[in-house]
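Right, one structure below, let's go through it.
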Amino acid sequence: MLPSRHISTEQLYRFFRPRSIALIGATDNSRWSIYTFDNLRNFGFAGPVYLVNPNREIVHGQPAFRSLRDVPEVVDLAFVMVSTARVLPIVQEAAELGTTRFVVLTSGFSETGDVGTRLEQELLEYARAHSLTILGPNGNGFINITDQITPYGLPITPPLKAGPVGIVLQSGALTSAVLAFAQGHAIGLSLLVAMGNESMISVTDVVDYLLDDEATRSIALFLECVRHPAELRRVANKARALGKAIVVLKIGSSEASSRTALAHTGALVGNDAINAAAFRQLGMIRVSSLEDLLTTAALAGYNPPLPGRRMGVVTPSGGACDIISDLAEEVGLQLPEFAPSTIKKLREVLPPFSTSHNPLDVTGYVVVDATLQQRALEVVVNDPNIDFVLNLTTVEGGREPTPETLATTLPLYDNLTRIIRSAPCPVILTTNTCLDLPGTTRVVVEHTGLHFISGLEHGVRALARFLWWSEQLRAPQQELAPDEITLPPLSIDPTVETWSEARARSLLQQAGIPLVPGQLTTTAPEAVAAARALGLPMVLKIQSPQLPHKSDIGGVALNIQTEEEVATAFEAMLQRVRDQAPQAQIEGILITPMRSGGVELLVGIVRDSLWGPVLTLGLGGIWTEVLKDTAVRVLPIPQSEIITMLGELRGAALLRGARGQPAIDLPQLAEIIHRICFLALALGPNLNALEINPLLVQAGSIEALDILLVGAPLRTISPPRTTTPTP
1 MLPSRHISTE QLYRFFRPRS IALIGATDNS RWSIYTFDNL RNFGFAGPVY LVNPNREIVH
61 GQPAFRSLRD VPEVVDLAFV MVSTARVLPI VQEAAELGTT RFVVLTSGFS ETGDVGTRLE
121 QELLEYARAH SLTILGPNGN GFINITDQIT PYGLPITPPL KAGPVGIVLQ SGALTSAVLA
181 FAQGHAIGLS LLVAMGNESM ISVTDVVDYL LDDEATRSIA LFLECVRHPA ELRRVANKAR
241 ALGKAIVVLK IGSSEASSRT ALAHTGALVG NDAINAAAFR QLGMIRVSSL EDLLTTAALA
301 GYNPPLPGRR MGVVTPSGGA CDIISDLAEE VGLQLPEFAP STIKKLREVL PPFSTSHNPL
361 DVTGYVVVDA TLQQRALEVV VNDPNIDFVL NLTTVEGGRE PTPETLATTL PLYDNLTRII
421 RSAPCPVILT TNTCLDLPGT TRVVVEHTGL HFISGLEHGV RALARFLWWS EQLRAPQQEL
481 APDEITLPPL SIDPTVETWS EARARSLLQQ AGIPLVPGQL TTTAPEAVAA ARALGLPMVL
541 KIQSPQLPHK SDIGGVALNI QTEEEVATAF EAMLQRVRDQ APQAQIEGIL ITPMRSGGVE
601 LLVGIVRDSL WGPVLTLGLG GIWTEVLKDT AVRVLPIPQS EIITMLGELR GAALLRGARG
661 QPAIDLPQLA EIIHRICFLA LALGPNLNAL EINPLLVQAG SIEALDILLV GAPLRTISPP
721 RTTTPTP
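Under UniProt numbering, think of the first position of the sequence shown as 1, with each following residue one higher.
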């Protein structure tokens with residue numbers, strides 16, 4: 001596939017609003033064709049729909065045309081459903097007649113292998129050469145709900161509720177489930193696009209369009225892979241500037257991502273953790289289910305950013321209060337006590353057997369007094385200790401609405417609407433469960449414009465995510481100071497492809513990263529002399545670029561106590577390694593003092609081929625693979641973010657001085673880790689992995705004890721003085 005080229009918002013505005021459509025390959029023998037035609041007819045497409053089939057005079061009950069040349073006008077959009085081999089000739093014919101916009105439903109292209117990839121590239125090259133715009137191939141089309149334009153190859157059940165949520169899917173087969181959930185929960189949509197192979201129009205192109213679309217307030221993405229990370233960064237920054245939330249459900253592991261298998265970091269951090277870190281840094285809300293995708297996107301679409309985490313709760317159920325309390329504690333929402341003035345007013349409203357605390361159970365007396373909960377809500381929304389209110393609404397059962405029930409219900413909801421719109425803080429409505437809204441409630445939604453989040457479980461978790469996003473929106477952008485770190489020109493041997501630790505140490509020394517003292521020795525007497533100079537006890541490590549995992553072949557000896565033991569261990573190690581790895585080029589044995597105490601950290605940077613350099617921090621030494629306690633970020637990041645990462649570790653208490661131990665100087669530690677990051681960025685694409693495990697941290701001392709560096713052939717580099725922030 002050729003590199004991505006941005007399709008502009010203006011192009012897509014016209015693409016999603018065709019005035020005429022030709023269904024090429026229309027036939028009564030294909031459900032794709034039947035569904036697409038029925039969708040256009042059922043939702044009242046205002047323009048002509050031309051059916052093209054060279055072998056049938058009547059298709060779908062109306063006259064068909066043998067070819068596009070017989071159609072009486074140049075069509076705005078060609079919806080192509082012919083065999084794979086015929087797609088390019090059909091596109092060429094349509095382009096010659098003046099059609100420039102295409103949905104290609106046909107499969108058999110890059111998703112099938114090399115032959116299909118070549119066919120797709122030929123189609124793409126022709127399209128670009130002739131200024132065409134193509135959605136697909138292998139895509140079902142789009143649904144413009146705002147304008148009720150529905151060239152889509154799967155069945156759509158009426159009605160389609162227009163609203164603030166745009167949806168972009170890399171799996172067209174999920175569209176029916178997405179639409180059903182949206183309809184069942186009265187979530188209004190603006191546009192839904194099934195991307196197919198993204199040969200021309202990409203996910204980020206559609207997101208960019210939706211960000212400019214006034215009808216869209218939030219965007220839900222279902223991603224199987226991230227094809228254009230630089231474009232995703234661009235639209236994510238644009239979304240933040242516009243205050244529009246992007247919610248993403250990313251499944252699977254990205255085939256575009258890979259890390260070196262030589263570093264512990266690569267084993268600890270998989271594709272999913274890196275994607276999660278990237279999305280977080282981009283300010284995108286990540287979820288793990290379709291229900292959460294739509295619930296969270298709808299919450300963001302129907303509500304402005306929330307002002308804080310202090311939640312007031314009003315319910316008619318003590319059990320619901322308990323559920324909400326447990327969920328709130330789990331996801332980090334606060335349930336402050338009501339102010340004394342609020343409690344006083346609630347006692348005037350509630351029955352004497354109720355308790356006026358947060359979360360508030362107004363009791364089952366709502367059966368007797370249907371206005372009770374709303375009168376309590378009107379008190380709670382004015383509480384000075386509350387940032388927003390979650391109001392649990394018990395919806396009508398499965399009965400269809402009748403004039404009698406609506407005559408009773410609608411005035412109550414009109415009053416609820418009045419309370420919400422005049423409240424000094426946001427009011428979020430939720431139902432008990434994620435079941436579809438019953439008929440009466442849907443009438444209420446249409447009548448009032450209210451929105452209900454989908455049940456307590458999905459709803460409270462969506463609130464926590466939306467609050468995180470609201471906080472990110474308010475937080476100032478962390479810019480990287482151009483002169484935070486200045487490295488001297490790095491003296492690098494361009495012939496070195498893999499690095500022994502001794503060579504890597506010289507590079508870290510140039511970058512000003514503190515190391516445990518050490519000396520490379522080639523004979524036992526040299527080793528003894530080094531031990532005498534550096535101080536016993538000692539550590540001996542074999543040095544060879546072919547042996548990155550030294551301990552696997554007995555290339556590490558710890559806690560050597562005497563000079564005699566140093567000499568003996570030196571000779572034994574050389575012989576052992578030569579026996580087990582006779583082809584290895586041995587540079588010598590590195591002698592360093594044995595260290596103990598303190599906190600051992602892993603500082604690992606691996607190059608992900610999708611996102612670039614990725615930093616992982618965690619507890620190091622023997623705990624690295626046991627605890628898997630890590631924090632991950634895509635580089636570059638400011639030094640302040642490293643302190644945040646350290647605070648995310650479950651072992652952060654060790655750094656703060658647990659159980660009487662002295663606290664670590666976190667700013668100094670963050671500065672050294674930041675310098676390691678800057679070195680990795682200076683090495684650029686030549687670096688595959690740089691891992692320090694452990695970085696020994698003690699009060700007044702920080703030292704790199706063991707270093708692994710893996711890279712392609714390197715060159716002399718003058719480190720950049722400025723860097724462009726990424727996620």
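Virtual Cβ for every residue (Gly too), placed ideally from N, Cα, C. Treat the numbers as computed from the prediction; the structure is a model and nothing was measured.
Spatially closest choice to residue 530 from 508, 562, 511, by CA coordinates: If you number the sequence shown from 1, residue 530 lands on position 530. Nearest C-alpha to residue 530: 562.
If we ignore side chains and look at the alpha-carbon of each, how far apart do residue 559 and residue 591 end up? As a first step, residue 559 is located in the sequence shown; it is residue number 559 there, counting from the start. As a first step, residue 591 is located in the sequence shown; it is residue number 591 there, counting from the start. Answer to the nearest angstrom: the Cα atoms are 11 Å apart.
By a C-beta neighbour count over all protein chains shown, 10 Å radius and 16 as the cutoff for buried, is residue 58 buried or exposed? Sequence index remark: in the sequence shown, residue 58 carries index 58 (1-based). Residue 58 comes out exposed.
Cβ neighbours of residue 464 in the same chain (closer than 8 Å, five flanking residues each side left out): Mapped onto the sequence shown, residue 464 falls at position 464. Within the same chain, residue 464 has close Cβ partners 331, 332, 333.
Can you give me the C-alpha to C-alpha distance between residue 259 and residue 672, rounded to a whole angstrom? On the sequence shown, position 259 is the one that residue 259 refers to. On the sequence shown, position 672 is the one that residue 672 refers to. Its pLDDT being 44, under 50, residue 259 is placed unreliably by the model, and the measurement read from it follows with that caveat. Residue 259 and residue 672 have their C-alpha atoms roughly 24 Å apart.
Would you call residue 250 buried or exposed, if buried means 16 or more other Cβ atoms sit within 10 Å of its Cβ? The residue given as residue 250 occupies position 250 in the sequence shown. Residue 250 comes out buried.
So, at 6 Å on beta carbons, what are the nonlocal neighbours of residue 231 in its own chain, with the 5 sequence-adjacent residues on each side left out? Numbered from its first residue, the sequence shown carries residue 231 at position 231. Shown here for residue 231: same chain residues with a beta carbon closer than 6 Å to its own, the five before and five after excluded, namely 204 in chain order.
Can you tell me which residues form a DSSP beta bridge with residue 133? As a first step, residue 133 is located in the sequence shown; it is residue number 133 there, counting from the start. Its beta-bridge partners are 101.
Per DSSP, what kind of secondary structure is residue 728 in: helix, strand or coil? With the chain covering only 1 through 727, there is no way to say anything about residue 728.
Just the Cα atoms here: how many angstroms apart are residue 433 and residue 175? Along the sequence shown, one-based indexing puts residue 433 at 433. Along the sequence shown, one-based indexing puts residue 175 at 175. As the crow flies, the alpha-carbon of residue 433 is around 23 Å from that of residue 175.
Would a C-beta distance cut-off of 9 Å place residue 707 and residue 670 closer than the cut-off? Taking the first residue of the sequence shown as position 1, residue 707 is located at position 707. Taking the first residue of the sequence shown as position 1, residue 670 is located at position 670. It is not a contact, given that the beta carbons lie outside the stated cut-off.
Going by DSSP in three states, residue 42 sits in which element: helix, strand or coil? The sequence position of residue 42 within the sequence shown is 42, counting from 1. When secondary structure is reduced to three states using DSSP, residue 42 falls in the helix class.
Nearest candidate by alpha-carbon position, reference residue 296, set 226, 164, 278: Translated into positions along the sequence shown, residue 296 becomes position 296. Comparing Cα-Cα distances from residue 296 to each of 226, 164, 278, the minimum goes to 164.
Give me whichever residues DSSP pairs with residue 50 in a beta bridge. Working through the sequence shown from its first residue, we reach residue 50 at position 50. Residue pairing of residue 50 in beta bridges, as defined by DSSP: 22.
Residue 79 in three-state terms, based on DSSP: Residue 79 sits at position 79 when you count from the first residue of the sequence shown. Strand at residue 79.
Residue 340, DSSP secondary structure in three states: If you number the sequence shown from 1, residue 340 lands on position 340. Residue 340 sits in a helix when the DSSP states are folded into three classes.
Beta carbon of residue 187 nearer than 9 Å to that of residue 327: Your numbering for residue 187 matches position 187 in the sequence shown. Your numbering for residue 327 matches position 327 in the sequence shown. Taking a C-beta distance under 9 Å as the contact criterion, residue 187 and residue 327 do not qualify as a contact pair.
Identified DSSP bridge partners for residue 770: The chain is shown only over 1 to 727; residue 770 falls outside these bounds and no answer can be derived.
Just to confirm my understanding: we take residue 407, look at its own chain, exclude 5 residues before and 5 after, and list those with CB closer than 7 Å. What are they? Here residue 407 refers to the residue found at position 407 when the sequence shown is read from its first residue. Contacts found: none.
Is residue 25 buried or exposed, if buried means 16 or more other CB atoms sit within 10 Å of its CB? Position 25 of the sequence shown, counting from 1, holds the residue named residue 25. Buried, since its Cβ has 16 or more Cβ neighbours within 10 Å.
Segment limits, alpha helix (DSSP H) that includes residue 366: What you label residue 366 is simply residue 366 of the sequence shown in a count that begins at 1. Element bounds for residue 366: n/a, residue is neither H nor E.
With distances taken between CB atoms, is the gap from residue 207 to residue 143 smaller than 9 Å? For this step, residue 207 is matched to residue 207 along the sequence shown. For this step, residue 143 is matched to residue 143 along the sequence shown. No, Cβ-Cβ distance for residue 207 and residue 143 is not below 9 Å.
Would residue 305 and residue 469 be called neighbours here (beta carbons separated by less than 9 Å)? Residue 305 sits at position 305 when you count from the first residue of the sequence shown. Residue 469 sits at position 469 when you count from the first residue of the sequence shown. Yes. Within cutoff.
From residue 743 to residue 151, what distance separates their C-alpha atoms? With the chain covering only 1 through 727, there is no way to say anything about residue 743.
Per the DSSP calculation, residue 300 is bridged to which residue(s)? Mapped onto the sequence shown, residue 300 falls at position 300. According to DSSP, residue 300 bridges with nothing at all.
Element boundaries [alpha helix (DSSP H), containing residue 381]: Taking the sequence shown and counting its residues from 1, one reaches residue 381 at position 381. Element bounds for residue 381: n/a, residue is neither H nor E.
Could you say if the region 517 to 535 and the region 589 to 609 meet the contact criterion of at least three C-beta pairs nearer than 8 Å? The region 517 to 535 vs the region 589 to 609: in contact.
According to DSSP, is residue 483 helix, strand or coil? The residue given as residue 483 occupies position 483 in the sequence shown. For residue 483, the predicted structure reports a pLDDT of 49, less than 50, and the residue's modelled location is therefore unreliable. The matter cannot be settled from this model.
Between the region 96 to 112 and the region 131 to 148, do at least 3 Cβ pairs fall closer than 8 Å? Three or more beta-carbon pairs separated by less than 8 Å link the region 96 to 112 to the region 131 to 148, which places the two stretches in contact.
What runs of the beta strand (DSSP E), each 3 residues or longer, lie entirely inside the region 151 to 239? Whole beta strand (DSSP E) segments, 3+ residues: 162 to 169, 189 to 194, 218 to 223.
As assigned by DSSP and simplified to three states, the class of residue 629: Locating residue 629 in the sequence shown gives position 629, counting from the first residue. Residue 629 falls in the coil class under three-state DSSP.
Using 10 angstroms around the beta-carbon of residue 373, count the other beta-carbons present and answer buried if the total reaches 16, otherwise exposed. By one-based count along the sequence shown, residue 373 stands at place 373. When all chains shown are included, residue 373 counts as buried.
How is the beta strand (DSSP E) around residue 645 delimited, first residue to last? For the purposes of this step, residue 645 is identified with residue 645 of the sequence shown, where counting begins at 1. Boundaries for residue 645: no beta strand (DSSP E) harbours it, while the alpha helix (DSSP H) harbouring it runs 639 to 648, taken from the DSSP string.
Under the three-state reduction of DSSP, which class applies to residue 613: helix, strand or coil? Here the question's residue 613 lines up with position 613 in the sequence shown. In the structure shown, the three-state DSSP call for residue 613 is strand.
Could you check what DSSP says for residue 541 in three-state terms: helix, strand or coil? In the sequence shown, residue 541 corresponds to position 541, counting from 1. In the three-state DSSP reduction, residue 541 falls in the strand class (E or B).
With C-beta atoms as the reference, is residue 157 less than 9 Å away from residue 191? Sequence index remark: in the sequence shown, residue 157 carries index 157 (1-based). Sequence index remark: in the sequence shown, residue 191 carries index 191 (1-based). For residue 157 and residue 191, no; Cβs fall outside 9 Å.
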